[in-house]
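For the protein sequence lines, the chains are A and B, in the order given.
Residue numbers for the first sequence follow the numbering used here, so the first one is 3 and each next one is one higher.
Residue numbers for the second sequence follow the numbering used here, so the first one is 36 and each next one is one higher.
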Amino acid sequence: MTTADDSTAPPVATYLRDDRYGLRAPVPEDAEHAIAWYEGAFPISPATAGKLLSEHETIPWGGNPTIRLIVVELATGDVVGGATVERQDNRVGKLVVISGGPDRSGERAQDLRAAVLRLLVPWMMDELNLMVAQIDIPADESILIDAATGLEMVEAVRLRASIARPTGRVDLVTMELVDRTWGTRDA
Amino acid sequence: MRSAIKIGERVYLRPIEVADAAAIATSSHTETEPEFQDDGRVPTSVIAFEAWIRRHGATGVPDNIVLAICLRHDDRCVGTVRLGDIDWINRTAETGTGLFHADDRGRGIGTEAKHLLLEYAFHDLGLHVLHSMVYAGNTRSAAALIKQGYRPAGRLTADVQRNGAFHDTLVFDVTREEWEAAYANWRNRRASSA
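Set out below in structure tokens:
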């Protein structure tokens with residue numbers, strides 16, 4: 003486990019942090035914490051996670067169409083989540099935010115994902131220069147939907163009954179933010 | 036018929052084979068109807084499709100199933116149907132249909148194949164709800180989805196760039212009950228017109 007006072011710990015990006023969480027590129031040691039950042043539904047071993055990271059992280063200079071980020075809790079240095087930004091035509095960005103562990107959609111997990119969403123969406127639009135940012139959110143995750151709404155994202159698609167919960171099925175909402183001036187702004 | 040997984044009146048579905056690669060690759064650069072050029076005009080490689088087909092079905096639990104649409108009378112492969120992004124926990128998937136040649140469209144072949152795919156998805160695989168995405172300019176495919184029981188679920192803004200302009204993608208979804216009602220209507224119409 004990486005700790006906050008470990009001087010060898012890879013730093014989070016100064017522009018992708020709030021008072022609790024920071025985001026950084028993956029490092030090989032993150033393979034040990036895949037339960038926190040891996041987006042798949044089934045757990046993977048550290049060896050599989052390491053292979054996944056090494057096969058994915060092959061394009062430097064931020065050129066990978068899918069950018070993978072690790073979420074670190076600043077106070078402890080613990081790896082607590084992950085995010086991917088999948089760029090389609092360098093124009094449409096599909097965002098996935100993960101808070102792994104025993105509870106992926108409870109209040110704590112939603113708080114974390116909402117914080118990451120607030121960091122990533124402005125970055126996607128202003129620095130990755132994307133035209134559209136999209137994220138899929140189960141309709142019962144109100145904290146996350148409120149965060150997206152606060153970022154001026156709007157509901158674009160609602161797929162009915164697409165998420166299975168212990169208490170029944172809920173809709174899956176795609177929220178998007180569109181820069182309608184994209185491609186026409188002066189430098 | 037060989038390796039049929041679903042059989043209809045005029046068409047049947049079977050797993051895709053390496054021998055289908057040439058038909059699939061050729062279809063994308065001989066397409067004559069612009070609304071069906073979903074990814075723009077790109078010369079595609081038979082070699083790449085052969086490799087893709089070899090990989091397809093190589094794992095035990097697939098997240099993507101592509102089936103060939105074949106005519107019963109001559110076994111010709113005329114297109115494909117697919118279940119993509121299969122989510123085995125939430126029991127959802129995206130559906131898609133493609134007929135290689137314009138001459139095969141508008142004859143009900145695609146609709147029959149799609150009903151066979153939906154039967155496979157809902158009755159055999161036990162999926163709960165399916166969705167489909169259509170380039171907004173493809174009004175024929177959008178109308179076909181409605182006839183198959185799908186309902187509009189929204190639109191993704193500027194999802195496609197074509198000919199210097201941005202176009203939306205229309206999204207539709209369908210539950211098993213909605214598809215079963217549409218399938219019954221389709222079969223009744225076929226029976227009454229026979």
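Glycine included, C-beta positions come from ideal geometry on N, C-alpha and C.
Counting only beta-carbon atoms, is residue i nearer than 9 Å to chain A?
| i | result |
| --- | --- |
| B/Tyr126 | The amino acid at residue 126 of chain B is misidentified as Tyr; the sequence shows Arg. Yes, its Cβ sits closer than 9 Å to a Cβ of chain A. |
| B/Ala148 | no |
| B/Thr210 | yes |
| B/Val206 | yes |
| B/Phe135 | no |
| B/Phe71 | no |
| B/Phe157 | no |
| B/Phe201 | yes |
Can you name the residues of chain A whose CB is closer than 8 Å to the CB of residue i?
| i | result |
| --- | --- |
| B/Gly189 | Glu157, Ala158, Val159, Arg160 and Thr176 |
| B/Gln196 | Asp91 and Arg93 |
Let's see if you can read the secondary structure: which residues bound the beta strand (DSSP E) around residue i?
| i | result |
| --- | --- |
| A/Ala166 | Val156 to Arg167 |
| A/Val14 | Note, A/Val14: premise wrong, no beta strand (DSSP E); not H, not E. |
| A/Val74 | Thr68 to Glu75 |
| B/Asp122 | Cys112 to Asp122 |
| B/Ile100 | Ile100 to Leu106 |
| B/Ile51 | Per DSSP, B/Ile51 belongs to no beta strand (DSSP E) and is neither H nor E. |
| B/Thr204 | Ala200 to Thr210 |
| B/Ser167 | Val164 to Tyr170 |
| B/Leu152 | B/Leu152 -> not in any beta strand (DSSP E); alpha helix (DSSP H) instead, spanning Ile144 to Glu154. |
Taking only beta-carbon positions, decide if residue i is within less than 9 Å of chain B.
| i | result |
| --- | --- |
| A/Arg89 | no |
| A/Gln136 | yes |
| A/Ser101 | no |
| A/Val14 | no |
| A/Thr4 | Annotation note: pLDDT 48 at A/Thr4 (below 50); position unreliable, no value reported. |
Check for me: the alpha helix (DSSP H) holding residue i runs from which residue to which?
| i | result |
| --- | --- |
| A/His58 | Pro48 to His58 |
| B/Ile88 | Val81 to Arg90 |
| A/Gly64 | It is not in any alpha helix (DSSP H) - A/Gly64 carries neither H nor E in the DSSP assignment. |
| A/Thr151 | Ser144 to Gly152 |
| B/Ile181 | Thr174 to Lys182 |
| A/Asp128 | Glu109 to Asp128 |
Whose Cβ in chain B lies nearer than 7 Å to the Cβ of residue i?
| i | result |
| --- | --- |
| A/Ser144 | Residues of chain B passing the Cβ test: none, with the nearest at roughly 19 Å. |
| A/Ala43 | Ile124 |
Below 9 Å on C-beta distance, what does residue i contact in chain A?
| i | result |
| --- | --- |
| B/Ala193 | Arg93, Val94, Met133, Val134, Val180, Arg182 and Trp184 |
| B/Val164 | Leu161, Arg162, Ala163, Ser164 and Arg171 |
For residue i and residue j, which I take to be in contact (beta-carbon distance under 8 Å), what is that distance rounded to the nearest angstrom?
| i | j | result |
| --- | --- | --- |
| A/Leu25 | A/Val73 | 6 Å |
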